[in-house]
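Working notes, beginning with the structure itself.
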Amino acid sequence: MPPVKRKSVDDHYSLCVQPAFIIGTENPDGSSNFAPITWVSVTCEKEEYLLVISMFGGKRTKKNVLRTGKLSANLVSKDMLPLMDYFGAHHADDGAKDQMACRVSNGVKVAVPVLDESRWVYECEVEKTVDIGESTTFFCRIKNIQIDERISPKDHFSVDLTKLDPVIYSGMYHSIGKNLGKIGDFSKPEDLAK
């Protein structure tokens, strides 16, 4: 394969390819609050994964997480895009986000609202927060994962993302085309000898 010819660009082009989630929190009055967040990743601490979520500014979702230490992270699939757009365009400080119908239930192990439409939901408790400027990063202990019962992975490496149909965000919405294979499928012993 020939080398790629690259050029330098300004740092504001930072390419952040992230899965899209709708974060669920509880408002002080006990009502549910949802907001799209795409700064979501994982890290490993000993034998456990921690969900890592960054939030900028003073949005209600961030305030709720700081107050309660709990959240749900609802993976957004393509069929949930209208809901994600709605939650992103309407701010809790302007009133209840109740103009678009969605089904909400309670977490199984953590008292947080979850979206019934989501095919993959993390129920989390915050372990640690790190502030940098106006951004707060939450390191969250995963207490429960709810997945669509039609999905049956053998382990965390065998989840077929095409069945989850997740929305990927990088300034625009994208989807995953196809499953390309697993680790080891592309480097054969004969290729290594070259």
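Per the numbering used here, residue 1 is the first one in the sequence shown, and the count goes up by one each step. Backbone N, C-alpha and C fix where the C-beta goes; we use that ideal spot for every residue, glycine too.
Less than 7 Å separates the beta-carbon of GLY88 from that of PRO36.
Per DSSP, reduced to three states, the secondary structure at ARG60 is helical. The residues SER170, in chain order, have a CB closer than 7 Å to that of CYS16 in the same chain once the five nearest residues on each side in sequence are set aside.
If only uninterrupted beta strand (DSSP E) runs of at least 3 residues are considered, those enclosed by the segment 112-172 are 113-115, 120-132, 135-147 and 167-169. Between VAL112 and GLU26 the beta-carbon gap is near 7 Å, inside 8 Å, which marks them as a contact.
At the C-beta level, VAL110 and VAL121 stay beyond 7 Å of one another.
Assigned with DSSP and collapsed to three states, LYS78 falls in helix.
The residue among ILE176, VAL9 and GLY58 with its C-alpha nearest the C-alpha of ASP131 is GLY58.
The segment 79-86 makes no contact with the segment 49-67: fewer than 3 CB pairs, one atom from each, lie closer than 8 Å.
Rounded to the nearest whole angstrom, the CA to CA distance from ARG119 to ASP155 is 17 Å. Contact between PHE138 and ILE53 holds: CB atoms are separated by about 5 Å, below the 8 Å threshold. Ranked by how close their Cα comes to the Cα of ASP29, the residues ASN64, SER8, GLN146 and VAL4 have ASN64 in first place. Nearest in C-alpha terms to ARG141, of all of GLU48, MET1 and GLN18, is GLU48. In its chain, beyond the 5 residues on either side, LEU75, SER77, ARG119, TRP120, ASP148 and ILE151 have a beta carbon closer than 8 Å to the beta carbon of LEU164. Beta-bridge annotation (DSSP): LYS70 is paired with GLU125. Shown here, MET1 sits in coil according to DSSP, grouped into three states, outside any helix or strand. Taking the C-beta atoms as reference points, GLU123 is found nearer than 7 Å to SER72.
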